[in-house]
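Numbering (mature numbering (1 follows the signal peptide of the UniProt record, and there is no 0)), first residue to last: -21 to -1, 1 to 409.
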């Protein structure tokens, strides 16, 4: 449509020009004494237009002629700039391919080409970024080759070059160099130095995903499990891991932190620092409760910590692993009150209700049988433990079940059954 309009406009202008030129009877008289020259007005206008056109063309030709030196200088700059960029790209490709010697050589070649341009008076707008990235690539290659001295040299040069850029450029380059340096120190197993590097970063930079991942690894390497746990929780909130991986990581850090606690008060402080979702993890709650009671903590306090686990166990705890179920049952067994306690009957009824909700679960049969044994309900304990002994797969629970059955047989003065139970207990795990 636009082309058609332009074509119509050209036809209109041509028609108007032809009409004006054809009907123009004007003349221009030039008196050159003693001569008189009569010229057509159309010819005069054509000559004037031609003169203007020639003047414009001559002016542009002169401008192009005088611009040739600048164009030649620009072309030389472009060629040298392309050579420097090509060397930098070669360094990146060689580094990605694992050719670290070639990568380091190409990075140094890029630095030499940029230095030659600067010596010739040709300055690039992005010269600071080019030099900094070349030094970082050379340092990366030296790090891969375990040449720490050369790595530190290029690192210092990269930091120095980054300071020469504009405010935004300086900030971006400095942060990138600091993060890479922290990663190199982490690869060197120098967790303290890596943490120091990360702490030097601004707060906003420290919240970036890459910085938090480095902080997590450095904290774990340094044995700072509490800080590693906080970082892992932040990463899981930012969806840095899949839900299953995040849960597994957080669980592992909590259990690792638990092994570092040496008294019941420390276990209680650890529990208070956990959030509600972490307290509902079955193995976390069970391990914390078992550790707390092993260090002399009150069973009543452990029972409160295990309270959120009763509901999922009542529903079947289908998403729990066998090990998690085992540890929960052990924790519940140790945390139950003595038969003389005021809430002993209530706990007994609760365990029986749990076992009746899952009548075929051998672990719950074991738990209910041990509680009945504690309350001197010999017949019920005998029946439940006999059923549990047939289905239990965990050696520890099997052994305790057979020992309890041996005790019940001795109380009945059934020497043969007691001897058989003692023998089965001895054979478990043999």
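We put the beta carbon where it would ideally sit given N, CA and C, even for glycine.
All of these numbers come straight from a predicted model, not from anything done at the bench.
Taking only three categories from DSSP, how would you classify residue i?
i           : result
residue 67  : helix
residue 166 : helix
residue 112 : helix
residue 17  : strand
residue 180 : coil
residue 220 : coil
residue 411 : Beyond the ends of the chain as shown, which are -21 and 409, falls residue 411; an answer cannot be given.
residue 102 : coil
residue 280 : helix
residue 153 : helix
residue 6   : strand
residue 386 : helix
residue 78  : coil
residue 144 : coil
residue -21 : coil
residue 88  : helix
residue 259 : coil
residue 319 : coil
residue 229 : helix
residue 239 : coil
residue 407 : coil
residue 338 : coil
CA-CA distance, residue i and residue j?
i           : j           : result
residue 396 : residue 272 : 34 Å
residue 9   : residue 28  : 19 Å
residue 230 : residue 298 : 15 Å
residue 76  : residue 69  : 10 Å
residue 123 : residue 85  : 15 Å
residue 132 : residue 113 : 13 Å
residue 30  : residue 51  : 32 Å
residue 127 : residue 206 : 29 Å
residue 25  : residue 40  : 22 Å
residue 191 : residue 334 : 45 Å
residue 197 : residue 214 : 14 Å
residue 342 : residue 288 : 15 Å
residue 254 : residue 223 : 18 Å
residue 292 : residue 347 : 13 Å
residue 389 : residue 403 : 15 Å
residue 336 : residue 363 : 14 Å
residue 161 : residue 186 : 15 Å
residue -13 : residue 38  : 30 Å
residue 221 : residue 357 : 49 Å
residue 302 : residue 322 : 29 Å
residue 340 : residue 351 : 17 Å
residue 11  : residue 4   : 22 Å
Around the Cβ of residue i, are there at least 16 other Cβ atoms within 10 angstroms (buried) or fewer (exposed)?
i           : result
residue 227 : exposed
residue 105 : exposed
residue 119 : buried
residue 210 : buried
residue 73  : buried
residue 241 : exposed
residue 6   : exposed
residue 236 : buried
residue -15 : exposed
residue 250 : buried
Taking 9 Å as the cut-off, decide whether the C-beta atoms of residue i and residue j are in contact.
i           : j           : result
residue 195 : residue 173 : no
residue 345 : residue 371 : yes
residue 263 : residue 233 : yes
residue 138 : residue 158 : no
residue 327 : residue 361 : no
residue 330 : residue 311 : yes
residue 110 : residue 90  : yes
residue 377 : residue 407 : yes
residue 375 : residue 319 : no
residue 368 : residue 380 : yes
residue 142 : residue 153 : yes
residue 92  : residue 62  : yes
residue 257 : residue 204 : no
residue 284 : residue 294 : no
residue 155 : residue 115 : yes
residue 261 : residue 212 : no
residue 246 : residue 208 : no
residue 400 : residue 382 : yes
- If you pair each beta-carbon of the stretch 77 to 84 with each one of the stretch 30 to 42, do three or more pairs fall below 8 Å? no
- Query: For the stretch 273 to 285 against the stretch 310 to 325, are there 3 or more C-beta pairs whose distance is under 8 Å?
  - Reply: yes
- For the stretch 144 to 154 and the stretch 164 to 178, state whether three or more C-beta atom pairs, one from each stretch, are separated by less than 8 Å. no
- At a cut of 8 Å, does the stretch 42 to 62 reach the stretch 8 to 25 through at least three beta carbon pairs? no
- At least three beta-carbon pairs within less than 8 Å, the stretch 37 to 50 to the stretch 87 to 96: no
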